[in-house]
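These notes concern the structure reproduced below.
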Amino acid sequence: MDELLRRHRGVMPSWMPIYYDEPIEIVTGKGARVTDSNGKSYLDFFAGVLTNSLGYDLDEVREAVERQLRTGIVHTSTLYLIRQQVELAEKIARHSGIPDARVFFTNSGTEANEAALQVATNARRSATILAVRNSYHGRTAGTIAVTGNRAWSASGLSPFTVSYLHSGDRLRGLFKGMSDSRYLEAAAEDLREVLATTTAGTVACLIAEPIQGVGGFTHGPDGLLRVWKEILDEHGILLISDEVQTGWGRTGEHFWGYQAHGVTPDLLTFAKGIGNGFALAGVVGQKDVMEQVQGISFSTFGGNPVATAAGNAVLDYILDHDLQANAARTGAILLDGLRSVESPIVVEVRGKGLMIGIELTTVARTAAVFESCRRDGLLVGKGGLYGTTIRMGPPLNLTEDEAREGLEILITALREHA
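The numbers in numbering that gives the first Met the number 0 rise by one with no breaks, and the one at position 135 of the sequence shown is 134.
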């Protein structure tokens with residue numbers, strides 16, 4: 000492993016992070032468990048950054064991909080009809096909640112958000128965007144421009160004029176400690192003031208995550224998107240819901256994060272979990288909005304036959320096995336168990352379903368808990384604006400026994416470093 004790490008550092012840029020004091024190479028996986036090159040097994044509660052939504056080596060997904068590979072067709076481009084793509088688009092449109100929906104496939108959440116911004120700016124003939132503090136939307140020039148987390152904003156150069164709203168962080172800032180009702184009032188006041196002061200002329204859209212992923216799974220009260228959209232509608236401004244991490248039933252309560260807010264966005268973006276590791280993402284919008292793109296556009300690899308074969312199998316499995324309900328059940332085991340822990344290093348336990356964050360007191364404590372979990376056989380993530388959040392997004396088909404097993408490791412680590 001030392002040799003592989005040396006080679007990694009010899010060819011990879013230093014700004015591309017790698018986990019753990021002693022990095023691991025994951026070589027096999029089955030279900031919610033993976034094994035590293037030293038033969039150590041781990042229960043995986045981060046799932047490739049919430050991407051392996053069905054864990055590893057699921058028969059239905061593997062067989063769907065193998066069937067497509069046996070045809071000899073891996074790629075044709077969207078200049079030709081792709082049956083798997085059309086079938087998946089029909090399913091996503093039907094479950095999106097957006098009427099008369101159209102679906103455009105890309106390869107990643109970054110590209111999906113970039114496409115949504117392209118649609119919105121074309122529809123509104125404006126390059127002025129509203130975004131949210133502490134947000135993350137991707138790594139391209141456009142998506143970095145609307146990312147409100149300084150650690151992930153690699154450049155101040157921007158193709159957009161961007162104004163930021165206050166985030167869902169309830170621990171810090173002007174909205175600290177507010178009740179839900181007061182928070183919603185303050186958010187409305189904030190949006191109106193931003194529109195009146197820092198924007199000029201037509202505004203294209205507001206892009207927002209129902210739960211901020213990289214931001215440490217922070218979120219405002221249910222109803223926040225509705226409050227924002229009521230004001231946006233007064234000005235004809237579009238709402239983009241970034242569902243890259245909240246989609247496919249992960250929150251347990253709903254299939255999409257936006258549904259907790261009693262509102263339907265004009266556009267939603269998806270990625271990660273739908274491909275279960277295969278590169279698959281996209282944007283959904285009502286026909287009248289999606290058709291506003293000027294000129295011709297397509298994605299060379301977006302929605303290719305292999306990726307959409309996997310996507311169809313993934314979505315069918317999620318729906319057939321009601322994994323949204325499973326996320327609610329197993330997520331409750333973790334959330335309730337973590338909230339029952341009395342520890343001086345735990346500031347807050349937050350999240351919904353299988354999207355869980357543990358805010359700790361310091362970066363050092365977070366790193367120590369992170370490393371202890373790995374030592375004891377549990378993989379978790381970390382993040383948040385200040386690097387003090389343990390992040391978890393286990394596979395949606397996590398069992399109750401696996402949830403309890405992971406919970407025990409987490410509690411041990413929290414107590415060890417209290």
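Note that the Cβ used here is the ideal one computed from N, Cα and C, for glycine as well.
Item	Value
With burial defined as no fewer than 16 other Cβ atoms inside 10 Å of the residue's Cβ, what is the status of Tyr79: buried or exposed?	exposed
Measuring alpha carbon to alpha carbon, tell me which residue in Val145, Thr127 and Leu194 is nearest Gly109.	In the sequence under discussion, the amino acid at residue 109 is Thr, which differs from the Gly named in the question. Nearest C-alpha to Thr109: Val145.
I need the straight-line Cα distance from Met354 to Leu378, nearest angstrom please.	14 Å
Heavy atom of the ligand FMN less than 6 Å from the Cβ of Val243, yes or no?	Within the structure as shown, the ligand FMN is missing, as the structure has no ligands at all.
Measuring alpha carbon to alpha carbon, tell me which residue in Val131, Ile408, Leu397 and Val243 is nearest Gly30.	Leu397
Is it the case that the Cβ atoms of Val282 and Ala115 are separated by a distance below 7 Å?	yes
Whose C-beta lies closer than 6 Å to the C-beta of Thr142 among residues of the same chain, with five residues either side of it excluded?	Thr109, Asn112, Glu113 and His136
For Asp265, which of Ile332, Thr245, Gln293 and Gly235 has the nearest alpha-carbon?	Gly235
Give the DSSP bridge partners of Gln244, in chain order.	Per DSSP, none; premise fails for Gln244.
Does DSSP put Asp434 in a helix, a strand or coil?	There is simply no residue 434 to check, as the chain begins at 0 and stops at 417 in what is shown.
At the level of alpha carbons, what is the spacing between Val213 and Asp287?	32 Å
Tell me, please, which residues DSSP counts as bridged to Lys351.	Met354
Roughly how many angstroms lie between the CA atoms of Met15 and Glu2, to the nearest whole one?	18 Å
Tell me which residue opens and which closes the beta strand (DSSP E) that Ala280 is part of.	Ala280 to Gln285
Mark Phe297 as exposed unless 16 or more other C-beta atoms lie within 10 angstroms of its C-beta, in which case mark it buried.	exposed
Alpha carbon to alpha carbon, how far is Gln67 from Trp151? Give it in angstroms, no decimals.	37 Å
For Asn121, which residues in the same chain have their Cβ closer than 8 Å to its Cβ, ignoring the five residues on either side in sequence?	Gln291, Val292 and Gln293
What do you get for Pro393, buried or exposed, if any count of 16 or more other CB atoms within 10 angstroms of its CB means buried?	buried
Counting only runs that start and end within the region 116-184, where is the alpha helix (DSSP H) found for 4 or more residues in a row?	140-144
Taking the C-alpha atoms as reference points, what is the distance between Arg6 and Gly96?	47 Å
Along the chain, where does the beta strand (DSSP E) containing Val292 start, and where does it finish?	Here Val292 belongs to no beta strand (DSSP E), and DSSP marks it neither H nor E.
Suppose the cutoff is 6 Å on Cβ atoms and the five residues either side in sequence are ignored; what does the same chain contact list for Gly301 look like?	Phe104, Thr105 and Asn106
Are Trp247 and Ile317 close, meaning C-beta to C-beta below 7 Å?	yes
Residue range of the beta strand (DSSP E) that Ala199 falls in?	That residue, Ala199, is in no beta strand (DSSP E); it is neither H nor E in DSSP.
Taking Val26 as part of the beta strand (DSSP E), name the residues at either end of that continuous run.	Ile25 to Lys29
For Val379, does the three-state DSSP call read helix, strand or coil?	coil
Going residue by residue through the region 11-99, where are the continuous beta strand (DSSP E) segments of at least 3 residues, counting only ones entirely within it?	25-29, 32-35 and 40-43
Give me the Cβ distance between Ile357 and Leu337, rounded to the nearest whole Å; I'm assuming they're in contact under 8 Å.	6 Å
For Ala367, which residues from the same chain have a beta carbon less than 6 Å from its beta carbon, with the 5 sequence-adjacent residues on both sides left out?	His416
Would Gln117 pass as a contact of Thr307 if the rule is Cβ separation under 7 Å?	no
Under DSSP, the beta strand (DSSP E) around Leu267 begins and ends at which residues?	Leu266 to Phe269
May I ask you to report which of helix, strand or coil DSSP gives Leu238?	strand
Taking 7 Å as the threshold (beta carbon to beta carbon), is Ala100 in contact with chain D?	Among the chains in the structure shown there is no chain D, since it carries only a single protein chain.
Fully enclosed by the region 304-330, which beta strand (DSSP E) runs are 3 residues long or longer?	none
Assuming Gly251 and Lys351 are in contact, meaning their beta carbons sit under 8 Å apart, how far apart are those beta carbons, in whole angstroms?	6 Å
Please check the pair Ile128 and Ala203, which I expect to be a contact at CB under 8 Å, by giving their CB distance rounded to whole angstroms.	6 Å
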